[in-house]
Amino acid sequence: MPRYAYVNGRYLPHAQAAVHIEDRGYQFADGVYEVVPVAAGRAVDKDPHLDRLERSLAALHIPMPMTRKALELVSRELLRRNGVSNGLLYMQVTRGVAPRDHVFPTNTRPALVMTTKRIDFAGQSKFDDGVGVITVPDQRWARRDIKTVNLLPNCLAKQAAVEAGAYEAFQVDGDGYVTEGTSSNAWIVTGGGTLVTRQLSHEILHGVTRRTILAIATEEDVPFEERPFTVAEALAAKEAFVTSATSFVTPVVRIDGKAVGDGRPGPLSKRLLAWYRDYAAGLRDSA
Ligand code: PDD
Numbered sequence: 105m106p107r108y109a110y111v112n113g114r115y116l117p118h119a120q121a122a123v124h125i126e127d128r129g130y131q132f133a134d135g136v137y138e139v140v141p142v143a144a145g146r147a148v149d150k151d152p153h154l155d156r157l158e159r160s161l162a163a164l165h166i167p168m169p170m171t172r173k174a175l176e177l178v179s180r181e182l183l184r185r186n187g188v189s190n191g192l193l194y195m196q197v198t199r200g201v202a203p204r205d206h207v208f209p210t211n212t213r214p215a216l217v218m219t220t221k222r223i224d225f226a227g228q229s230k231f232d233d234g235v236g237v238i239t240v241p242d243q244r245w246a247r248r249d250i251k252t253v254n255l256l257p258n259c260l261a262k263q264a265a266v267e268a269g270a271y272e273a274f275q276v277d278g279d280g281y282v283t284e285g286t287s288s289n290a291w292i293v294t295g296g297g298t299l300v301t302r303q304l305s306h307e308i309l310h311g312v313t314r315r316t317i318l319a320i321a322t323e324e325d326v327p328f329e330e331r332p333f334t335v336a337e338a339l340a341a342k343e344a345f346v347t348s349a350t351s352f353v354t355p356v357v358r359i360d361g362k363a364v365g366d367g368r369p370g371p372l373s374k375r376l377l378a379w380y381r382d383y384a385a386g387l388r389d390s391a
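Residues 105 to 391 in our numbering are what the sequence shown lists, from first letter to last.
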């Protein structure tokens with residue numbers, strides 16, 4: 105089956121899909137994106153993802169490229185054409201194409217690209233075995249709540265993680281507190297069984313999976329606190345995990361080479377993953 109990408113109004117074969125060299129996303133990282141999990145043929149948490157897309161665009165003074173309804177139609181059509189029932193939907197909006205100049209162009213239409221990817225989430229060993237993370241200084245700018253395509257510090261940190269044999273990097277602020285992963289939110293479970301994840305602010309991305317996990321925790325009477333935690337607290341924690349559209353709930357079993365808990369995925373992480381999978385598959389309605 106050919107794979108299509110949606111590029112500025114057209115469905116193009118993936119291999120031929122391209123944007124102009126003067127697209128401001130390419131020149132200045134002047135754009136934003138969303139990664140939406142697709143499970144059982146549906147975009148999971150579509151509304152909060154579109155809400156965040158709107159917020160990211162508004163923060164950069166980029167207009168929506170089309171109405172939300174139209175975005176939904178295009179994404180459904182692309183998933184249909186590509187036969188994706190489990191995987192990811194990627195949406196990227198940039199300020200558009202204009203001669204290179206730092207100042208915003210006038211009368212430029214935002215550029216919209218959508219792609220999809222098939223993924224067999226069920227077959228991924230990270231969920232059963234857990235993963236290692238390293239810790240790195242957080243080198244990003246002050247508006248990490250905007251989901252911009254400017255991901256260089258994240259890429260550098262993720263590459264350092266992979267070169268160290270790890271899956272993800274916990275980024276650490278100047279006071280020694282973990283902000284988040286490079287493409288995920290960071291969590292621990294205290295000795296008393298309380299979930300801890302950093303509170304929402306400009307310092308982290310407001311993860312949609314994070315939001316859903318907190319909703320599930322509320323429903324399941326799992327206590328949680330939204331506050332910063334240090335690397336030392338994470339190392340002493342009973343469990344740790346990361347959440348994202350691609351990681352769901354991925355247990356973290358090593359931090360900087362040292363075991364978290366007994367070095368195996370913890371029971372609460374496993375339960376949250378199972379609940380999240382049910383939610384993603386449409387088997388739990390609320391979150
Ligand atoms: N990343 N923090 C950062 C820095 C992220 O890039 C992401 C997601 C998250 C988790 O957000 P969500 O739960 O909405 O996926 C947190 C996506 C998956 C990516 O860049 O590929």
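Glycine included, C-beta positions come from ideal geometry on N, C-alpha and C. Just so it is clear, the structure is predicted and the values come from calculations on it, not from any experiment.
Closer than 7 angstroms by C-beta to Glu138: which residues in its own chain qualify, once you throw out the five before and the five after it? Chain order, please. Annotation for Glu138: His153, Arg156, Leu157, Met195 and Lys251 place their beta carbon closer than 7 angstroms to its own, counting only its chain and skipping 5 residues before and after.
Looking at the secondary structure, which residues open and close the beta strand (DSSP E) in which Arg358 lies? Looking at the DSSP string, the run of the beta strand (DSSP E) that includes Arg358 is Phe352 to Ile359.
Which residues mark the beginning and the end of the alpha helix (DSSP H) in which Trp379 is found? Unbroken alpha helix (DSSP H) run through Trp379: Pro371 to Ala384.
Are the region 325 to 334 and the region 206 to 221 in contact at 8 angstroms, needing three or more beta carbon pairs? Judged by Cβ distances under 8 angstroms, the region 325 to 334 makes no contact with the region 206 to 221, as fewer than three pairs qualify.
When we look at the beta-carbon of Glu343 and count the other beta-carbons within 10 Å, is it buried (16 or more) or exposed? Answer is buried; the Cβ neighbour count reaches 16.
CB-CB length for Ile359 against Val237, believed under 8 angstroms: Taking C-beta atoms under 8 angstroms as the contact rule, Ile359 and Val237 qualify, at a distance of about 6 angstroms.
Excluding the five sequence neighbours on either side, which residues of its own chain have a C-beta within less than 6 angstroms of the C-beta of Ser160, listed in chain order? Excluding positions up to five away in sequence, the list reads Val136, Ile250 and Lys251.
Boundaries (first-last residue) of the alpha helix (DSSP H) holding Leu116: From DSSP, Leu116 is part of no alpha helix (DSSP H) but of the beta strand (DSSP E) over Arg114 to Pro117.
Start-end ranges of the beta strand (DSSP E) lying completely within the region 136 to 189, minimum 3 residues: You should have found no qualifying run.
Starting from Pro257, follow the alpha helix (DSSP H) in both directions and report where the run begins and ends. Leu256 to Glu267 is the extent of the alpha helix (DSSP H) around Pro257.
If you draw a straight line from the C-alpha of Gly295 to the C-alpha of Arg199, how long is it? Approximately 47 angstroms between the Cα atoms of the pair.
From Gly129 to Phe328, what distance separates their C-alpha atoms? Between Gly129 and Phe328, the C-alpha separation is close to 38 angstroms.
For Gln275, is the classification buried or exposed, using 16 other Cβ atoms within 10 angstroms of its Cβ as the cut-off for buried? The residue is buried, with at least 16 neighbouring Cβ atoms inside 10 Å.
Tell me whether the beta-carbon of Val300 lies closer than 9 angstroms to the beta-carbon of Ala265. Against a cut-off of 9 angstroms, the Cβ pair of Ala265 and Val300 comes out as no contact.
Pro169 beta carbon less than 9 angstroms from that of Pro214: Contact: yes.
Could you check whether the Cβ of Ala378 sits closer than 8 angstroms to any heavy atom belonging to ligand 1? Checking every heavy atom of ligand 1 against the Cβ of Ala378, none is found closer than 8 angstroms.
Touching by the beta-carbon criterion (3+ pairs, under 8 angstroms), the region 216 to 223 and the region 251 to 260: Contact fails between the region 216 to 223 and the region 251 to 260, because fewer than three Cβ pairs, one in each stretch, are under 8 angstroms apart.
May I ask you to verify whether the region 318 to 325 touches the region 379 to 391, counting CB pairs closer than 8 angstroms and requiring at least 3? Proximity of the region 318 to 325 to the region 379 to 391 meets the contact definition, three or more beta-carbon pairs being nearer than 8 angstroms.
Going by beta carbon distance, what residues of the same chain come within less than 8 angstroms of His118, once the five residues before and after it are set aside? The residues are Pro106, Arg107, Tyr108, Ala109 and Thr219.
Identity of the residues DSSP links to Ile292 by a beta bridge: DSSP lists Val300 and Ala344 as partners of Ile292.
Which class does Lys230 belong to by DSSP, given the choice of helix, strand or coil? Correct three-state label for Lys230: helix.
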